[in-house]
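Scroll down for the structure; my scribbles are underneath it.
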Amino acid sequence: MTDQQLPSYFLTFEGIDGAGKSSHIGAVRDHFVAQGRSVVVTREPGGTPLAEALRHLVLHDSMDPLTEALLVFAARRDHLLHVITPALARGDVVICDRFTDSTFAYQGFGREFPLAVLEQLEQWVQADLQPDLTLWFDLRPEIASVRLAGARQPDRFESEQLAFFGRVRAGYVARSQKYPARFVRIDGEGEKHEIWQRIDTVLAHLAIDHHT
Ligand code: TYD
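Residue numbers are given in my numbering: position 11 of the sequence shown equals residue 13, and the series is strictly consecutive.
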């Protein structure tokens, strides 16, 4: 990093399907662009041609939980190498729709796949890289499922039962307890503009030092 370069910032969006996270990504990008930052918006699984191909398999093909975990981490590896790490090295703001917290929540808690194996994969794939900030959109699964209903053809995760999303939500609670410094819970209940107000308050309090 040169003296003039702004510090990179890695921000992730998390939450159960239907919690409403994706609809605020554009406004968060605009917030950073207005500050003169270069912003990369991306998603997981996905963000590179290979990772998008793996995403299609993970969302639509049946497979055992280990295969699923390996594929999301394989997609993450490619995404990190080709998009996230270079962007952070340039000093960009990277906004990623889902990251490893999704793997712990969905594969670990939702599918009840051993967390110790996920921790090992996490270490191999990303070493100690963690987001600087994780906006966790928290909504009761009963409400989220109403929002999802009829939206479109459900994928392998969206078609899961309420109990699955109850476990996924518990996974997010566990991750937020493990990483309290980077996790911010956004109450996902209410109108879109009310939820944006909650996000805006968090962004206003971000202490990003522009001159380190
Ligand atoms: P999502 O990000 O909600 O995108 P869309 O709004 O287009 O459906 O969908 C991605 C799905 O992938 C979501 O159901 C969670 C799942 N997922 C995992 O199971 N593990 C992971 O590690 C990641 C990143 C996502």
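Think of the CB as a built atom: it goes at the ideal place given N, C-alpha and C, for glycine as much as any other residue.
Start-to-end residues for the beta strand (DSSP E) that takes in residue i
i, result
"Val41", "41–45"
Start and end residues, alpha helix (DSSP H) containing residue i
i, result
"Thr69", "67–81"
"Glu196", "194–206"
"Asp157", "No alpha helix (DSSP H) holds Asp157; DSSP gives it neither H nor E."
"Gly152", "Segment: none, Gly152 is in no alpha helix (DSSP H) and carries neither H nor E."
"Leu52", "51–62"
Exposure of residue i, with buried meaning 16 or more beta-carbon neighbours within 10 Å
i, result
"Lys180", "exposed"
"Leu68", "exposed"
"His207", "exposed"
"Leu82", "buried"
Residue i versus residue j - alpha carbon distance
i, j, result
"Ala91", "His58", "29 angstroms"
"Ser40", "His195", "25 angstroms"
"Pro51", "Ala76", "12 angstroms"
"Ala36", "Pro116", "42 angstroms"
"Arg177", "Phe106", "8 angstroms"
"Ala89", "His26", "21 angstroms"
"Ala21", "Arg45", "16 angstroms"
Short Cβ contact (7 angstroms threshold) for residue i with residue j
i, j, result
"Asp30", "Val96", "First, the residue type needs correcting, since residue 30 is Val and not Asp in the sequence shown. Contact: no."
"Glu16", "Asp157", "no"
"Leu61", "Leu73", "no"
"Leu137", "Ile188", "yes"
"Glu70", "Gln128", "no"
Residues bridged to residue i [DSSP beta-bridge criterion]
i, result
"Val95", "Tyr11, Val41"
"Asp140", "Asp189"
"Glu16", "Trp138"
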